[in-house]
Amino acid sequence: MAKTLFQKVWEAHTVRKLPNGQTQLFIGTHLIHEVTSPQAFGMLRDLGLKVKFPQRTFATVDHIVPTNELKEPYSDPIAQEMIEALRKNTKDYGIRFFDTTTGTQGIVHMVGPEQGITQPGTTIACGDSHTATHGAFGAIAFGIGTTQVRDVLATQTLALSPLKVRRIEVNGKLAPGVYAKDVILHIIRVLGVNGGIGFAYEYAGTTFDGFSLEERMTVCNMSIEGGARCGYVNPDQKTFDYIKGKPFAPKAADWDAAVARWASFASDAGCQYDDVKVFKAEDIRPTVTWGITPGQAVFIDEKMPALETLNAADRQTAEDAYAHMKLAPNTPIKGTKVDVCFLGSCTNGRISDLREVAKYLKGRKVSPNVKAIVVPGSQLTAIQAVHEGLDKIYIEAGFEWRGAGCSMCLAMNPDKLVGDQLCASSSNRNFKGRQGSQTGRTVLMSPLMVAAAAITGQVADAREVFKV
Amino acid sequence: MSLAKITQVKALALAVPGDDIDTDRIIPARFLRCVTFDGLGEHAFRDERTGPDGKERPHPMNSAQAGRIAIAKQGVMVVGFNFGCGSSREHAPQSLWRFGFTAFVGGSFAEIFFGNSTTLGVPCLTLSKEDLAECDAFVRANPDVEVTVDVEKLTVSAGAKTWKAGIAASARDGLVNGKWDPIADLLEGSEPVAKTAAGLAYVAGK
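Residue numbers (the numbering used here), protein chains in the order written: chain Y, 167 to 634; chain V, 366 to 571.
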């Protein structure tokens, strides 16, 4: 019988059926960070349990690390306590820790792929909802709560129910100035922020075939913003090429067998999906959010929706959104004044993002009214960028060049909005208060659109600003 | 490990309206700077309850009703659709549970929030859109009437009203049988776990 990748991976990792009808699923790769793991280690100690497969858990520190302060102790004593707790826990239980001093620290969803830990046909769990990022490699990867982090530490398994699979096909070539970020923002806008509840999203079609692994990661990353706990792209030659030579990739003697195994996990031709949605790449234009959920989005050259065009439930959320954002219905979002620009995050903090923006940024200057920061998602990305001289281009343009971490995506470190500042952001969430100020405002967009906002001091169309 | 059988929650209720209430709103990220869940209860919905000037805002969580629930350490929160979307932070249900909420009734729940709540022994039951509107209106009009969330019979009732409710079968099974924390079952399966692990090349180190 023809099967989807989801079904094949699920079957290969099924331990047994639990009494309540759920599946005990083996989690081959467990990623942890400083925010959602300390309580789990606490529970483990309370129960007198050990870590069952310490070699299958990998740790890094990302949410609380300052990006402009490398020396410890950090000025935030709680951040210092959290990093030290992770050092102790990983040491006590024999877990590999990609610490700040190793040159390999970074956002957990960047470290896995960079190290070759993220592989096709595997199950990956992490106490972080953006774990679906790893689905770009054909893994079944999802976010879990802290009690479940305990479950994985203690048993390397989780109690789960299978998901339905929705195939989201995007076909054709994206127009210049339109990026993977626009694709996922568009998908969420159309299918809704709760459209994916109960589903894994399989992204496919010629647009995805043409995407690099980094572009696929951008899309898979935001599956959760569409309500889907997990999203993936079937593995292909690009996937294998990306992994080859990475530190945790299979060694030469095992390589061919690994590739054959990985390829066998791809969804079979003729397999049954629970739902299929099809998009045309040429219909997608640069997309920006205007509200307080990632689904409240428009094309840059569209007006924000008039309230009377919305149904009752959407209208209530929209009214709340307009009040928070201090924006008016039925007006263009283009031209809205911007105070802060943030380029980074597990959605768009990779080397390809930094290269693409740098290409257009040369010789341009950040508006004097804008504070612009660029935060590479990982130390390896930062090192590579410096090697290519990208840091100089950003600094000359007026961006602050920072150290690696989650930074202003969720503002658990000192990078925060102040008051009702409006931030043009390449991150993934525009929730109220998300960027560290209760009244702060976030407009999500692609990295090049962030650069266009930085230069013009307003929400702008990058295609015009940079003559793309 | 013996857990309580959660067949029914009978308590005062509080309506917190709105769809797509995300976990950043339930517990802002600055309160995640911690190594235990202790003390999270007082920060539930902090930025919705308190303005930038530090003054209280009109919010259901600031009501006398919320105060009664906090003292009783037992309460039902009636919410909208897609409640608990966004971040996987268990801090969100932990903060509401520590505040005093022991059951949720809503239109739908984000999956990770649902799982995190169930593992705490906090049932999340769904009602149809029409029934939810009726339940929400009833709760506002009758703050002194206790609401019964029946996990076994799959109903929500208050006064003379009874609404048909839903929950994933596995979650219901776990709650009513006192097995909502799966750790005991997962630990039992250690032999088949070793077998599954042995069949996975990447786990075996290839």
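Glycine is no exception: its CB is placed at the ideal position from the N, C-alpha and C atoms.
Item to check | Where V/Ile477 falls, given that 16 or more other Cβ within 10 Å makes a residue buried | outcome: Burial check for V/Ile477: the Cβ neighbour count within 10 Å reaches 16 or more, so the residue is buried.
Next on the checklist: Does Y/Tyr369 come out as helix, strand or coil in the three-state DSSP assignment?
Outcome noted: strand
Item to check | Listed by chain order, chain V residues near Y/Pro204 by CB distance under 9 angstroms | outcome: Cys399, Val400, Thr401
Item to check | Where Y/Pro498 falls: helix, strand or coil (DSSP) | outcome: strand
Item to check | For Y/Leu319, the nearest candidate out of Y/Gln205, Y/Ala168, Y/Glu235, Y/Tyr560 (CA to CA) | outcome: Y/Gln205
Next on the checklist: Between V/Ser352 and chain Y, is the shortest Cβ-Cβ distance under 7 angstroms, so that the two count as touching?
Outcome noted: Given that chain V is displayed from residue 366 to residue 571, the structure contains no residue 352 of chain V and the question cannot be resolved.
Checklist entry - Along chain Y, in chain order, which residues have C-beta atoms closer than 7 angstroms to that of V/Pro393? => result Gly599
Checklist entry - alpha helix (DSSP H) containing V/Val400: first to last residue? => result It is not in any alpha helix (DSSP H) - V/Val400 carries neither H nor E in the DSSP assignment.
Item to check | Chain-ordered residues of the region 234-265 of chain Y with a beta carbon less than 7 angstroms from chain V | outcome: Ile244, Ala245, Glu247, Met248, Ala251
Item to check | Given V/Gly564 as reference, the closest of Y/Asn234, Y/Val175, Y/Val616 once Cα atoms are compared | outcome: That would be Y/Val175, whose Cα lies nearest to the Cα of V/Gly564.
Checklist entry - With C-beta atoms as the reference, is Y/Ala291 less than 7 angstroms away from Y/Ile273? => result no
Item to check | chain V contact for Y/Thr321 (CB, 7 angstroms cutoff) | outcome: yes
Checklist entry - Three-state secondary structure (DSSP) at V/Glu421? => result Secondary structure at V/Glu421: strand, using DSSP grouped into helix, strand and coil.
Next on the checklist: Out of Y/Ala590, Y/Val634, Y/Val227, Y/Gln221, which one is the CA nearest neighbour of Y/Gly501?
Outcome noted: Nearest C-alpha to Y/Gly501 among Y/Ala590, Y/Val634, Y/Val227, Y/Gln221: Y/Ala590.
Checklist entry - Which of helix, strand or coil does DSSP assign to Y/Lys218? => result coil
Next on the checklist: In the DSSP output, which residue or residues are listed as bridge partners for Y/Glu566?
Outcome noted: In DSSP, Y/Glu566 forms a bridge with Y/Ile539.
Checklist entry - Can you tell me whether DSSP reads Y/Ile306 as helix, strand or coil? => result strand
Next on the checklist: Along the chain, where does the beta strand (DSSP E) containing Y/Ser591 start, and where does it finish?
Outcome noted: For Y/Ser591, the uninterrupted beta strand (DSSP E) run begins and ends at 588-591, by DSSP.
Checklist entry - Would you say V/Asn507 reaches chain Y, if we count a Cβ-Cβ gap shorter than 7 angstroms as a contact? => result no
Checklist entry - Given 8 angstroms as the limit, is there contact between the region 389-409 of chain Y and the region 179-188 of chain Y, that is, 3 or more CB pairs closer than that? => result no
Next on the checklist: So for V/Cys489, helix, strand or coil by DSSP?
Outcome noted: Of the three classes helix, strand and coil, the one that applies to V/Cys489 here is strand, per DSSP.
Checklist entry - Comparing alpha-carbon positions, which option in Y/Ile193, Y/Thr189, Y/Asp242, Y/Arg382 lies nearest Y/Cys512? => result The residue with the shortest Cα to Cα distance from Y/Cys512 is Y/Arg382.
Checklist entry - How would you list, in chain order, the residues of chain V whose beta-carbon sits under 7 angstroms from the beta-carbon of Y/Val201? => result Leu397
Item to check | Identity of the residue in V/Pro382, V/Ala562, V/Thr484 nearest V/Ile548 by Cα | outcome: V/Thr484
Checklist entry - Nearest chain Y C-beta to V/Val510 closer than 7 angstroms, yes or no? => result no
Item to check | Cβ-Cβ separation, Y/Phe465 to Y/Ser120 (assumed contact under 8 angstroms), whole Å | outcome: Since the first residue of chain Y shown is 167 and the last is 634, residue 120 of chain Y is not available in this structure.
Checklist entry - Do we get a CB-CB distance below 7 angstroms when we pair V/Arg433 with the residues of chain Y? => result no
Next on the checklist: Output needed in chain order: residues of the region 314-343 of chain Y with a Cβ under 8 angstroms from some Cβ in chain V.
Outcome noted: Gln314, Arg316, Asp317, Ala320, Thr321, Gln322, Thr323, Leu324, Ala325, Ser327
Checklist entry - DSSP puts V/Thr513 in a beta bridge; with which residues? => result Answer is V/Lys375, V/Ser522, bridged to V/Thr513.
Checklist entry - If you follow the alpha helix (DSSP H) that Y/Arg382 is part of, which residue opens it and which one closes it? => result 379-387
Checklist entry - Quick one: what's got a C-beta closer than 6 angstroms to Y/Lys330's C-beta in the same chain, skipping five residues either side? => result Gly364, Phe365, Asp440
Next on the checklist: Considering only DSSP beta bridges, list what Y/Val454 is partnered with.
Outcome noted: Y/Val464
Next on the checklist: Using C-beta distances below 6 angstroms, list every residue in its chain close to Y/Ala418, excluding the 5 sequence neighbours before and after it, in chain order.
Outcome noted: Cβ neighbours of Y/Ala418 beyond the five flanking positions: none.
Checklist entry - Counting Cβ pairs, one atom from each stretch, are 3 or more of them under 8 angstroms apart for the region 327-342 of chain Y and the region 441-458 of chain Y? => result yes
Next on the checklist: From the DSSP secondary-structure annotation, give me the bridge partner or partners of Y/Trp421.
Outcome noted: The partner list for Y/Trp421 (beta bridge, DSSP) is empty, contrary to what the question assumes.
Next on the checklist: Here's a check: name, in chain order, each residue in its chain whose Cβ is nearer than 7 angstroms to the Cβ of Y/Gln624, leaving out the five neighbours to either side.
Outcome noted: Excluding positions up to five away in sequence, the list reads Gly501, Thr502, Lys503, Val504.
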